[in-house]
Structures are given as structure tokens and as C-alpha cells.
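Have a look at the structure below before the remarks.
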Amino acid sequence: MRWINVRPSSGMRLTLAVAPFLIVLGAYVAGSAARLADNANDKLLPGLSSFVDAINRMAVVPDGRTGQILLWADTAASLTRLFSGIGIAVAIALVVGMLIGMLPTMRALLAPFVAAISMVPPLALLPILFIVMGLGEGSKIALIAIGVTPIMIRDLALTATTLPREQIIKAETLGGSSWQIALRVVLPQILPRMIDTLRLQIGPAWLFLIAAEAISSEAGLGYRIFLVRRYLAMDVIFPYVLWITLLAVATDYILNRLRIAIFPWSELEKNT
Amino acid sequence: MSGIIVEKVWKEYGDQIVLEDISIEIEDRAFVALVGPSGCGKTTFLRMLLGQEQATRGTILLDGVPLPKEPGPDRGVVFQRYSVFPHLTVLGNVLIGKEMTAARYSGRLFGAARRAAIEEARALIAEVGLSHALDKYPAQLSGGMQQRLALAQALIMKPKVLLLDEPFGALDPGIRAEIHTLMKRLWHENPMTVVMVTHDMREAFTLATRVVAFERLRDRPEEKLRYGATISRDIPIWPPRRAGEPSLIRPDRDGPVQKGQ
Ligand SMILES: Nc1ncnc2c1ncn2[C@@H]1O[C@H](COP(=O)(O)OP(=O)(O)OP(=O)(O)O)[C@@H](O)[C@H]1O
Ligand SMILES: [Mg+2]
Chain A
1 MRWINVRPSS
11 GMRLTLAVAP
21 FLIVLGAYVA
31 GSAARLADNA
41 NDKLLPGLSS
51 FVDAINRMAV
61 VPDGRTGQIL
71 LWADTAASLT
81 RLFSGIGIAV
91 AIALVVGMLI
101 GMLPTMRALL
111 APFVAAISMV
121 PPLALLPILF
131 IVMGLGEGSK
141 IALIAIGVTP
151 IMIRDLALTA
161 TTLPREQIIK
171 AETLGGSSWQ
181 IALRVVLPQI
191 LPRMIDTLRL
201 QIGPAWLFLI
211 AAEAISSEAG
221 LGYRIFLVRR
231 YLAMDVIFPY
241 VLWITLLAVA
251 TDYILNRLRI
261 AIFPWSELEK
271 NT
Chain B
273 MSGIIVEKVW
283 KEYGDQIVLE
293 DISIEIEDRA
303 FVALVGPSGC
313 GKTTFLRMLL
323 GQEQATRGTI
333 LLDGVPLPKE
343 PGPDRGVVFQ
353 RYSVFPHLTV
363 LGNVLIGKEM
373 TAARYSGRLF
383 GAARRAAIEE
393 ARALIAEVGL
403 SHALDKYPAQ
413 LSGGMQQRLA
423 LAQALIMKPK
433 VLLLDEPFGA
443 LDPGIRAEIH
453 TLMKRLWHEN
463 PMTVVMVTHD
473 MREAFTLATR
483 VVAFERLRDR
493 PEEKLRYGAT
503 ISRDIPIWPP
513 RRAGEPSLIR
523 PDRDGPVQKG
533 Q
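Protein chains in written order, with my numbering: chain A, 1 to 272; chain B, 273 to 533.
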């Protein structure tokens, strides 16, 4: 049988999916054991027991100074910033994306501008944001919003313009005004795509968040990682990175489930 | 009344003349089948009737008034594909016309008004034989069912003119015969004029009251750009078919179709 037609059974699929994770874990454990055997005080690849220690310190026992459990406080601070930034981005992207996608006049006015803006490297704007908006929450949220909005706008505008022309014509013959067509025909059809775009932008959003937190913050997952970096505290950094990854993966999964639950037709369309 | 008068219409895209000097009077309640070779401008002509494209020269009158420059609720349309909204159920697809007409800002109906609209939509859905699929999405329907749905969706607006662009071209012959019967019944029962583009001569002659052929009279390669297609034949069907009236000669074939047939 040709390779392109070989499909793994469901048990096989699970095994294959888990394998890379186990391999990486195995490689780490082996590497860590080798280094620790050389030098018991090695900080670079701490053993699993030091992780348990660190996780206990960060996620279970309240911090001596603030009385807070650090991991949860950091997570709450980071997620608040992340979702505020993403929320602003989504709102702007939906409105501007639909304007560009639906109205030729708005497309002429805004499309080149958005295309140019999306080429500005957001991290280069970070100093400007800190100078203009101060070191508080505002500048961090702004960075995330600025970082992901232009691409989302362009993606949604593209989705709106690629809706079959027939559908828009049809909606006109059904008595729809521009506003009604936006509301009843275009918006519902780009929302599933918006969720997908959002999933793709979760990664960049985290990048901008951590960059902003690394420079100035009092709490946050990125802040913590860069703080403990000074003490080479790999036993804290690794679990934090893992935790951030887990959060991102969970967000991605939940968003996809959400799309299927709210827009069941979008899944049907994919399969046709 | 919903007669269409097309007077000396030309359509050019840049240098290319697609249609030249088209003049035709389509009487109220006619069923016109447009035939012609591929690329001769049938779709272009239909788009002009729809208001999606403007004639380069000439005028098109509907009920004696020049056509508006954009599509509107008085002219319904069914395309070969993409005629129904993938994000709405069968019921939602038929309902949306009512909703957008009635609710200017929200585009939705609530309470008693919604129930009344649903009632009307259900009746129409039953008419096209989709009652069993009320809550299905288009992706869950066969091609024939999607086109039936598109018909119901257009008809709820009670259009004066129904424009069809190869609506049944992608269906297999068995399904097509079935939908022809439906189409004939809908034409008899609804006060509308129908213009249908088709490649299927048999379909044209089974359904229409009049078959109009578009053709390029000069079609040598060097003439392609400079000369467009025009009406080359205009064949009335005999014995005449009249909307809503049983045919004297072949009532079974040409008369209004009985429900359930
Ligand atoms: N938007 C456009 N811009 C430029 N040329 C166009 C445009 N639309 C159609 N044409 C040209 O007009 C001619 C007629 O096209 P049209 O789609 O009306 O043909 P048709 O009779 O419907 O063909 P078919 O039977 O294959 O559907 C073609 O030569 C096509 O290239
Ligand atoms: Mg065509």
C-alpha cells in the first residue's frame, strides 16, 4: 500500500502522539542525571526532585513576603493582561475587518494603511509605549493589542472579501441593507474564522506579553521568569515555561471547541 | 404586471464587446429560457436584469420603470452554486428574507411576528418538499435539495421576476426531472415572470413559454473582440403555455401541476 494511504489505528495514533513528549522527557532526565553525576550542584539541568520542590514553593505554599501563592498571582496578572489585549484586538479587528471587506470605499481608505501598519515590528514600539503610557498595565495591554490587531484585521477582511459574491447578491435580493447584510450574512460567517485567527495569534500575544513583563512589572509569568533568571533558577523557569505552554494549548483547545459548539455549520462546511 | 422591456442594450468589458444590440420584450408571467454557447454572455445578460451589472448602452425597463442600479427584493435569483447561506438552517435560510424586510436594524423577528413568519416559511418549505429537513444546514443537504431551498428562499419575497442561472445544471437527470415538475408548479402558482439560463435544450423546451437563443453572429478569432453576441432565435413554444391555465392540448405536460405530483 502507498504511504499516503496508510492510516494509523486510534491506539496507534495515541502512541505516536505521546512518543515525542516521552522522548524529550527521557532525554532531559538522562542529560540531567549525567550532569548531576559530574557535579551535584549543577544548576543547568536540575533533577525532577528539585522541580517538585520548586513547584511546591511557587504553587502551593504562600510567599513569605506577600502572603500570596506566587504562581497563581502571576497567572492571574498575566492572563488579565493577555485577554484584555486580545479582547481589544478582536473588537477592533471585527469592525475594521468588516468595513474593509464589505465597503469598497473603506477598503480604498484603510487597506493600504493597515497593510503598512502591520509591517511595523511591535516590539520596536515598546519603548514608545512605555514613554507615552507609563510603565503600568496600559502599555503592556497596548503592546499585545498593537501586535496582533493588524494581522487579524487583514485576515478577517480577506475572509469577508472571499465570501462568494453570489451570497451578497442573494442577500440584496432578499431585501437586505448594507447593515443587515453585515449583521446577518457576513458577521456570522467570519466569526468562526475569527476564532481560528485568534488561535493562531495566541502565540504572538504571549510573546508580546512576556517581552513587556520582562522589562517592567511587579507580577506576571514573564516577570517571574526574568526575575529568577538572575539566580539561574532553572527549577522555577522550566515549570513556568511548561505552565505557559499549557495555558496556551488549553486556550487553543477551548477556542476550537467553542467554535464547533457555537457554529456547528462551520465544522460541516470544513468536511464538504 | 411584471413585463420587462430591453431596448438596444450593449455590454462591453473594456475593449471586449460581449453583448450587442439586444432588444426583447418579455411579457408578464412569461417563462423565458435563455440558451446559447458557453461564453456568449447569458450570465452577463441575467446580471444586468438583476442589477448586478449595468448596461454600457441601452435601457432595461421593469413595469415601464428603469431598473435600479443594484439588486433588490423585486427580482429573485437562484445561481448554480452558493445560493443559500451555509450558516443558516433550512428554516433560517427561508426566514431571513422576511426578517430583513421587517426588522430594519436587528434583521431579526421576535414573538408573534416571528411565529407568523415561521408559519409562512414552513408552508413554502413544504411546497418544495423539504419539511423533513427543517433544521439541517446546507452542507447536510444534497445538491437538488439545496436548489429547492434556494427556490423557496427566493419565493418568500414574492418577486416580480425570478432569475435562474443554470440552476439545475449540476443535478443528475432523475433529480432534474423532479425539480422541473416543481419549477413548473411554482411558476403556475406564483405571480412572477421567470428568466432561466440553461444549457439543456430539453429543459428549455419542457419548461419555457419561449426559448431565446444568444449567439455571436461573427465569431472568427479576429472578430471576437469587436462583435458581441445578440439574439439569434426567439422561439415561442406551441401550443402556448400560459401561467395558471391548463393547457388545452397536453394538460398533463403543460398545465398547472397538481399538488403531490
Ligand atoms: N467581469 C467581467 N470582466 C471582463 N469580462 C467578463 C466579465 N464577466 C464576463 N466577461 C466576459 O463576458 C463573456 C460572457 O460571459 P458570460 O459569463 O456571460 O457567459 P455565459 O454565456 O454565461 O457562459 P456559460 O454558458 O459558460 O456560463 C465572456 O467572454 C467573459 O470572458
Ligand atoms: Mg454563465
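The C-beta atom is built at its ideal place from N, Cα and C for all residues, glycine as well.
Note that this is a predicted model, so its numbers are computed, not measured.
{"Query": "Could you please give the first and the last residue of the uninterrupted beta strand (DSSP E) stretch that includes TRP206 (chain A)?", "Result": "Element bounds for TRP206 (chain A): not the beta strand (DSSP E) but the alpha helix (DSSP H), 187-215."}
{"Query": "Do the CB positions of GLU279 (chain B) and SER295 (chain B) come within less than 8 Å of each other?", "Result": "yes"}
{"Query": "For the alpha helix (DSSP H) containing LEU306 (chain B), list its first residue and its last residue.", "Result": "First-last for LEU306 (chain B): 303-307, but that is the beta strand (DSSP E), not the alpha helix (DSSP H)."}
{"Query": "Mind listing the chain B neighbours of ARG184 (chain A)? Cutoff is C-beta to C-beta under 7 Å, in chain order.", "Result": "ILE368, MET372 and GLY379"}
{"Query": "Would you tell me roughly how many angstroms separate the C-alpha atoms of ARG329 (chain B) and GLU172 (chain A), rounded to the nearest one?", "Result": "24 Å"}
{"Query": "Which residues, in chain order, does the region 304-324 of chain B contribute to contact with chain A at a C-beta distance below 9 Å?", "Result": "ARG319, LEU322, GLY323 and GLN324"}
{"Query": "Using a C-beta to C-beta distance shorter than 9 Å, which residues of chain B count as neighbours of PRO104 (chain A)?", "Result": "Here the premise fails: no neighbours, minimum Cβ distance about 13 Å."}
{"Query": "Do you know whose CA, among B:ALA305, B:ALA411, B:ARG448 and B:GLY379, lies nearest ASN271 (chain A)'s CA?", "Result": "B:ALA411"}
{"Query": "Output yes or no for whether 8 Å exceeds the beta carbon distance between VAL95 (chain A) and PRO150 (chain A).", "Result": "no"}
{"Query": "Report the neighbours of ARG347 (chain B) on chain A: residues whose CB is nearer than 9 Å to its CB, in chain order.", "Result": "THR173"}
{"Query": "By DSSP, does GLY26 (chain A) sit in helix, in strand, or in coil?", "Result": "helix"}
{"Query": "If you draw a straight line from the alpha carbon of PHE440 (chain B) to that of ILE169 (chain A), how long is it in whole angstroms?", "Result": "19 Å"}
{"Query": "What ranges does the alpha helix (DSSP H) occupy inside the region 49-87 of chain A, keeping only unbroken runs of at least 4 residues that lie completely in it?", "Result": "none"}
{"Query": "Quick check: is the beta carbon of TYR409 (chain B) nearer than 8 Å to any beta carbon in chain A?", "Result": "yes"}
{"Query": "By the 10 Å Cβ neighbour count, where 16 or more other Cβ atoms means buried, how is PHE303 (chain B) classified, buried or exposed?", "Result": "buried"}
{"Query": "Would you check if the region 102-118 of chain A and the region 63-74 of chain A touch, i.e. whether three or more CB-CB distances between them fall below 8 Å?", "Result": "no"}
{"Query": "Taking only the alpha-carbon atoms, compute the straight-line gap between LEU71 (chain A) and ALA33 (chain A) and give it to the nearest angstrom.", "Result": "27 Å"}
{"Query": "Assuming the contact rule is C-beta atoms closer than 8 Å, ALA157 (chain A) and ILE100 (chain A) should be a hit. Round their C-beta distance to whole Å, please.", "Result": "4 Å"}
{"Query": "Against chain B, with Cβ distances strictly below 8 Å, would ILE169 (chain A) count as a contact?", "Result": "yes"}
{"Query": "Looking at ILE144 (chain A): is its Cβ nearer than 8 Å to the Cβ of GLY220 (chain A)?", "Result": "no"}
{"Query": "Are the CB atoms of VAL185 (chain A) and GLY175 (chain A) within a distance shorter than 8 Å?", "Result": "no"}
{"Query": "Does the distance between the C-beta of TYR285 (chain B) and the nearest non-hydrogen atom of ligand 1 fall short of 7 Å?", "Result": "yes"}
{"Query": "Please name the residue or residues paired with ARG347 (chain B) in a DSSP beta bridge.", "Result": "B:VAL433"}
{"Query": "Taking the alpha-carbon positions, what's the GLY203 (chain A) to LEU413 (chain B) distance?", "Result": "38 Å"}
{"Query": "Would you check if the distance between the CB atom of ILE289 (chain B) and the CB atom of GLY500 (chain B) is smaller than 8 Å?", "Result": "yes"}
{"Query": "Are there three or more Cβ pairs, one per stretch, closer than 8 Å when the region 455-472 of chain B is compared with the region 208-224 of chain A?", "Result": "no"}
{"Query": "Mind listing the chain B neighbours of LEU268 (chain A)? Cutoff is C-beta to C-beta under 7 Å, in chain order.", "Result": "TYR409, ALA411 and GLN412"}
{"Query": "Cα-Cα, which of A:MET1, A:MET102 and A:ALA59 is closest to LEU187 (chain A)?", "Result": "A:MET102"}
{"Query": "Classify ALA250 (chain A) as helix, strand or coil using the three-state DSSP reduction.", "Result": "helix"}
{"Query": "If you reduce the DSSP assignment to three classes, tell me which class VAL90 (chain A) lands in.", "Result": "helix"}
{"Query": "Determine, for PRO20 (chain A), whether the minimum Cβ-Cβ distance to residues of chain B falls below 8 Å.", "Result": "no"}
{"Query": "Under a CB-based cut-off of 8 Å, is GLY176 (chain A) close to chain B?", "Result": "yes"}
{"Query": "Which residues of chain A have a Cβ atom closer than 8 Å to the Cβ of MET429 (chain B), listed in chain order?", "Result": "THR173, LEU174 and GLY175"}
{"Query": "Give me the chain B residues within the contact set of ASP166 (chain A), using Cβ-Cβ distance strictly less than 8 Å, ordered along the chain.", "Result": "Here residue 166 (chain A) turns out to be Glu, not Asp, going by the sequence shown. The contacting residues are PHE351, ARG353, TYR354 and SER355."}
{"Query": "State the Cα-Cα distance for the pair GLU292 (chain B) and PHE317 (chain B), rounded to the nearest angstrom.", "Result": "11 Å"}
{"Query": "Roughly how many whole angstroms lie between the Cα atoms of ARG154 (chain A) and GLY97 (chain A)?", "Result": "6 Å"}
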